[in-house]
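Residue numbers (the working numbering): 8 to 249.
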């Protein structure tokens, strides 16, 4: 693990070279998120892109870069919108201090500024998945269950870093109808027949994300390795594979 002093040197080196640094946080039960450090000197605030598994990490960097470029020339305010072609349209929303002090610790530490101004980049329409939080609202583990692991300990008898191969439709809220456990920390959960899901729609996400989206997926936690369950889209009662 990188030491804090080494991390701060890396941040400074990237700010010197590129104007700002981007931290991407992955691992554990939380959704992936990325935030800037140093943009406060360019646009007056830091930016965060939280969740949004519709997008790849490279695409998120592209989105951040586009916002920094636009905001360096235009005033920043709520509802500020950027259209990025096939990536979709994105708006800005303010970030409540309760989120900032949980997920942007690197930026808070670097600036030594506990009241740091932060804005969330929010995807719109079908590009928005349920792992994107409402960061303008005060953090509440019950109201934002996908992000509950920011405060709540991991309660399940499987690793907190467990991952699931799923699909965009499930991340949008479609009911999953089949699940399979392949390893101690590796599952597949789909809304339809897994082999029929196009590769472009598949996503690898933390198990904690899907349990936050749909608590009825909890039986996945207790599946023996090599076993699976299925359910009818209407009855939604889990059954063992025959």
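All residues carry an ideal CB built from backbone N, CA and C; glycine is no exception.
Keep in mind the model is a prediction, meaning the values are calculated, not measured.
At what residue ranges does the segment 40–76 contain a whole run of the beta strand (DSSP E), taking only runs of 3 or more?
40–44, 53–57
What does the alpha-carbon distance come out to for the pair residue 141 and residue 32?
18 Å
Between residue 144 and residue 219, how many whole angstroms is the CB-CB distance? I'm expecting something under 8 Å.
Incorrect: roughly 16 Å between the Cβ atoms, too far for contact.
Let's see if you can read the secondary structure: which residues bound the beta strand (DSSP E) around residue 88?
88–90
Check each candidate in 223, 97, 38, 190 and name the one with the smallest Cα separation from residue 232.
190
Can you tell me where the beta strand (DSSP E) holding residue 233 begins and where it ends?
Neither: residue 233 is in no beta strand (DSSP E) and is coded neither H nor E.
Backbone CA spacing between residue 171 and residue 195 [nearest angstrom]
5 Å
Residue 71 versus residue 229: straight-line alpha-carbon distance, rounded
39 Å
Between which two residues does the alpha helix (DSSP H) holding residue 126 run?
Premise fails: residue 126 lies in the beta strand (DSSP E), 125–130, not in any alpha helix (DSSP H).
DSSP beta-bridge partners for residue 226?
None; residue 226 has no bridge partner.
Can you tell me the Cα-Cα spacing of residue 27 and residue 52, whole angstroms?
11 Å
When DSSP builds the beta bridges, which residues end up paired with residue 245?
DSSP lists no partner for residue 245.
Between 97, 117, 67, which lies nearest to residue 13 when the distance is taken from Cα to Cα?
117
Proximal residues to residue 211 (C-beta, below 6 Å), its chain only, five neighbours per side dropped:
170, 172
What separation, rounded to the nearest whole angstrom, lies between the Cα atoms of residue 180 and residue 20?
41 Å
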